[in-house]
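Following: one structure in structure tokens, then a few remarks.
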Amino acid sequence: MLKSIVGVKFKKEGKIYSFDAGDLELKVSDLVIVSTDDGMSIGTVLTSPSSAPEESLQTALKPVIRKITEEDLRIRDANKTLEASCFSFCAERIKIRNLPMKLIDVECLFDKSKIIFYFTAENRVDFREIVKDLAQKYKTKIELRQIGARQEARIVKGMGICGREVCCVNLLHNLDRVSVKMAKEQNMSLNPEKISGLCGRLMCCLSFEYECYRERKKEKSSHSRKENAGSADPPPVEKNP
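All residue numbers for the sequence shown refer to the UniProt record's numbering, where the first residue is 1 and numbers rise by one.
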């Protein structure tokens, strides 16, 4: 049996997830209500429907419930207002309880079955009392989710040293691993100020041309060995300014 599959994104800076479109006729940019492990959520269709045999899927896909309606949009707007209220209240409770954590974002699921609070902290934080405060006030399931510096930059957004919006917001669906080796391979300066992003971690763009540089170096190395066969002088090395 063939399944109609679409890619759905929940936030501008988030990942793309696959969902079962069923019999719905969907196109890119459609707003939809989908079922997730956490509950119902609103997402945007990012990839056109494609077909795949059900038996070829590694896991069962959650369904797209429907295209968004006017009532759904009203609920979304109400949830945005609730998220702002939740942020203010939670930030106040964190300050009152003097907890070493920084609140970054709040996400209210479409059906209000759960409210997720995203925060950063240097170390493990005992936030059980905060959870009690939030559950008592909002009468729903509460989750506090600790995120890293790269995820924080993705949520907060900002401009990179290139003068453009940081790549993790506009260009990347996944935050793949970036290493100092990538900078070395491209003969870049290893000055932390030049290769670190707003998050304080290595810039994501170091990975964009990494494979091209590796292949080019292999080709040049092979060519140089042939040209310098029998010569004691090493081939010149190009530096990336």
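Beta carbons: idealized from backbone N, C-alpha and C, even for Gly.
Quiz item: If you draw a straight line from the C-alpha of Cys-212 to the C-alpha of Gly-22, how long is it?
Solution: 40 Å
Quiz item: How do the stretch 110 to 128 and the stretch 136 to 154 stand: do at least 3 beta-carbon pairs fall below 8 Å, yes or no?
Solution: yes
Self-check item: Close-in-space but distant-in-sequence residues of the same chain around Ile-130 (CB under 6 Å, 5 per side omitted)
Solution: Arg-93
Practice problem: Report yes if the CB atom of Ala-121 is closer than 8 Å to the CB atom of Lys-102, and no otherwise. | Solution: yes
Practice problem: From the DSSP output, read off the bridge partner residues of Leu-24. | Solution: In the DSSP output, where bridge partners are listed per residue, Leu-24 has none listed.
Self-check item: Cα-Cα separation between Glu-165 and Phe-208, rounded to whole angstroms
Solution: 16 Å
Practice problem: Pull up the distance between the alpha-carbon of Arg-177 and that of Lys-184, whole angstroms please. | Solution: 15 Å
Quiz item: For Ala-52, which beta-bridge partners are listed by DSSP?
Solution: Lys-3
Practice problem: Along the alpha helix (DSSP H) that carries Asp-72, what are the first and last residues, could you check? | Solution: 70 to 96
Quiz item: By Cβ distance, which residues of its chain are closer than 6 Å to Leu-73, with the 5 residues on each side in sequence left out?
Solution: none
Practice problem: Output the distance between the C-alpha atoms of Val-34 and Cys-90, rounded to the nearest integer angstrom. | Solution: 28 Å
Exercise. Output the distance between the C-alpha atoms of Ile-161 and Gln-136, rounded to the nearest integer angstrom.
Key: 44 Å
Quiz item: Smallest Cα separation from Thr-59: which of Lys-217, Glu-70 and Ile-5?
Solution: Ile-5
Quiz item: So, are the CB atoms of Gly-43 and Lys-80 less than 8 Å apart?
Solution: no
Self-check item: Close beta carbons around Pro-53, own chain, < 8 Å, minus the five adjacent residues each side
Solution: Met-1, Leu-2 and Lys-3
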